[in-house]
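Residue numbers (my numbering): 41 to 928.
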């Protein structure tokens, strides 16, 4: 097989040889010898190679062969300076790879549309208010956020959902769902930890999703008396069931038999970015409502208890305004009491859900926007660095360019050659950046918040690779066009006459100096951001928790999933607490309803009896030794007794800040109202963080209800907590050999899990700052090294006429540090402005940062500048005058 261009070259050679032979034959017939005839034929024909070039230029594919020749020549030029080429390629790979990773993260979390038909018709239904509507909703489960003066909530009562569904009939399909929750699933004797999302019977009909096997849920499955069924995600079906024929098989979830109805398609990955859901079940038959201790089941008939989230699909003919009015009317018709004022009246808010639920965008939107800006600045610094390298090479190749122009090479052709070399650098860097982006993406995925159970794998798909290609081409244009244009504008006559250290060559360094100033001015906000976010994270990590964090072990047990109920369940918890407390190295052990520092939990409005308003408080449910096990000191009164816990007495321990907000000067013996009941305050505990270190909230401690099918164990130890794990596992197995320990962590590890988003953001900002600092140093070092190399003869003359080595050192240091100082002067106001923007966006990890970080960033960059200039300056001061003059 011969390549097409090879055949074309062979045919061209044959045709030219044919014409030469015809001419030679004519001269031979005139009496010339064969050798003389061939010589005269070649003279008359002209340059063969010139004719070949003219013929090649006429071909349609001429540009391909020319591009191939340019690439080969560019490759040879890169190999002449492998160290410089390697530094340029590595800079590009890091810059493009980091950009691709962040763009891929933004695409996965913010921009990618749901894998359902016509996702633009989906809306998330929420409600907003200016003043909390007292009496309308007393208990809730869901999330909310502030939007200016408005509070926005995402939960509704079952009656409200049904009313909106009827009101919007014909204009929209309204469906309900709940957050995914952990559940144990057993299939074929294998127990798996999964996550299940409860949904309404019309949920998949609303989404427009079709199964790849079996069927999906319908309204009949959501009836109270229907048999429990479950729908599998494609990911769970492949990984846990091996892709076998699943519909009709039985899957036990939390020890309840569910019939597998069907399997979802692979294109549907959930309703939130990085959705962690494995299973879907009807709300009434989900583990959240089937558990004996289910709060949701107890609230089914309570019109003031709201805990369902709502999605709707607008009909193609229905407008946004029509749907809003219909849903508002249905929502208002379901209220058990009427609001007292307009400010207390809840109003429907419709949020576009084409990209999934808005909670992820609210959580990650501003941080990712900042990361995109930072990585764009890093890429700009890298482009400036490579442009500097190409400018330096252009200065070094002035004579080569001048010689080409003097021999007839067009400036456009010369510019094309230099652009091709830039593109070659970018292509190599772009290919290497794929590995960098994949590694960075995997690392980012591992740093995503554990509490949100993201399933992003950090892999690169076609969209990510497309982004890499786009960034590579854009980068090549950014750093290649100007150096190529400068190199092609060479004046042949002066360039062929000037020496290496001529003033004309030095004038051409002005753009390189400008690029170094750009690098430093962009590097200042990047280094400042790294310091600000690292400092903020350090402040959060070292924040006072109010409880013991160094010697506490936490894990969960789920006896209810193994069939423990009622009195048997109570006996198990009591025996478990006693067994663990007796272990060597254990100072105290307790059982609690909610894992401390997990990033969520129960909250309830606490008020004085008869008072209309109260204080929103986090709620801990624990056994008598819980406060002691957690290490929270009781500063007044006492904790609940074992008898009070066992009998479910209505007693409470409140935190100091809650007592203050309630106005209780003497809290011991006072009564508080919560969960529609009065509780006697028996103790006051020190203030403590309940959910996460970034959230301060008053806390109330109540006795643990022994009917919970799943609970958390808290152990305070006198020895390193990990060393207690084997003994704890043995103690639990002694009570029940089939009882596993779930999510075993030390308190430090648990706190770290709730800070994964902050850690990810601080790590990425720190990485960008370090990368920008290195690129600035490399850029300044490269500029000064090339400048000194071209000025060797000048420096030799200076030293020959009396300049000292110290004087030369000061001269070079002064030039380099002048660039550094000017760059800092430009960059520091830019960094000041950037900190203000970040503070406005509420993404700083611990409030407004101390502005000494600006000075610290300036000092770091100034010291880096000194280090970058010192080596070339030392080299310049050690120049031998005689050798420099001979070389010049």
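Backbone N, C-alpha and C fix where the C-beta goes; we use that ideal spot for every residue, glycine too. Bear in mind the structure is a predicted one, so any value in this text is a computation, not a measurement.
Do you know offhand how far residue i's Cα is from residue j's?
i           : j           : result
residue 136 : residue 234 : 37 Å
residue 384 : residue 175 : 10 Å
residue 285 : residue 809 : 52 Å
residue 540 : residue 828 : Reliability of the predicted coordinates at residue 540 is poor, the pLDDT of 43 falling under 50, and no value is obtained from them.
residue 811 : residue 824 : 20 Å
residue 179 : residue 478 : 45 Å
residue 520 : residue 576 : 39 Å
residue 915 : residue 562 : 28 Å
residue 196 : residue 390 : 14 Å
residue 324 : residue 259 : 11 Å
residue 736 : residue 644 : 15 Å
residue 472 : residue 138 : 12 Å
residue 542 : residue 834 : Only weak support is given to the placement of residue 542: the predicted model assigns it a pLDDT of 45, under 50, and the question is left unresolved by the model.
residue 546 : residue 852 : A caution first: residue 546 carries a pLDDT of 46, below 50, which makes its placement in the model unreliable, though a value can still be read off. Near 14 Å, if we compare the C-alpha coordinates of residue 852 and residue 546.
residue 607 : residue 717 : 25 Å
residue 77  : residue 428 : 55 Å
residue 493 : residue 126 : With a pLDDT of 43 at residue 493, under the threshold of 50, the modelled position of that residue is not reliable, and the figure given next carries that caveat. If I take the Cα positions, the gap works out to 40 Å.
residue 380 : residue 355 : 34 Å
residue 270 : residue 289 : 10 Å
residue 636 : residue 212 : 41 Å
residue 761 : residue 767 : 11 Å
residue 41  : residue 906 : Interpretation of residue 41 is limited by its pLDDT of 44, a score under 50 that renders its predicted location unreliable; the figure taken from the coordinates is listed afterwards. Each residue's Cα considered, the two are about 60 Å apart.
residue 798 : residue 141 : 18 Å
residue 874 : residue 800 : 20 Å
residue 788 : residue 404 : 24 Å
residue 774 : residue 753 : 16 Å
residue 293 : residue 274 : 18 Å
residue 739 : residue 659 : 6 Å
Taking the Cβ atom as the reference point for each residue, do residue i and residue j lie within a distance shorter than 9 Å?
i           : j           : result
residue 322 : residue 240 : yes
residue 154 : residue 276 : no
residue 630 : residue 663 : yes
residue 794 : residue 732 : yes
residue 691 : residue 730 : no
residue 675 : residue 694 : no
residue 419 : residue 568 : no
residue 571 : residue 421 : no
residue 758 : residue 671 : no
residue 313 : residue 184 : no
residue 551 : residue 431 : yes
residue 741 : residue 642 : no
residue 216 : residue 349 : yes
residue 177 : residue 367 : no
Could you tell me whether the Cβ of residue i comes closer than 9 Å to any Cβ of chain B?
i           : result
residue 677 : Of the protein chains in the structure, only one exists, and it is not chain B.
Tell me, which residues are paired with residue i by DSSP?
i           : result
residue 222 : 235
residue 993 : A question about residue 993 goes unanswered here, because the residues of the chain that appear run from 41 up to 928.
residue 229 : None; residue 229 has no bridge partner.
residue 319 : 236, 272
residue 786 : 593
residue 292 : 226, 297
residue 349 : 217
residue 552 : For residue 552, which the question treats as bridged, DSSP gives no partner whatsoever.
residue 389 : 166
residue 354 : 212
From which residue to which residue does the beta strand (DSSP E) around residue i run?
i           : result
residue 167 : 162 to 169
residue 70  : Note, residue 70: premise wrong, no beta strand (DSSP E); not H, not E.
residue 629 : 626 to 632
residue 596 : 592 to 597
residue 301 : 296 to 303
residue 691 : 691 to 695
Which residue comes first and which comes last in the alpha helix (DSSP H) that contains residue i?
i           : result
residue 360 : 360 to 373
residue 196 : Unbroken run through residue 196: none, as it is neither H nor E.
residue 901 : 892 to 917
residue 862 : 845 to 880
residue 611 : 606 to 621
residue 245 : 243 to 247
Any heavy atom of the ligand PLP closer than 8 Å to the Cβ of residue i?
i           : result
residue 784 : Looking for the ligand PLP in the displayed structure turns up nothing, as the structure carries no ligands at all.
Entirely enclosed alpha helix (DSSP H) segments - the region 697 to 779, minimum 4 residues
For secondary structure counted as the alpha helix (DSSP H) over 4 or more consecutive residues, the region 697 to 779 holds these complete runs in sequence order: 765 to 775.
Within the region 634 to 678, note down every full beta strand (DSSP E) run reaching 3 residues or more, in order along the chain.
Qualifying beta strand (DSSP E) stretches, in chain order: 642 to 646, 655 to 662, 674 to 677.
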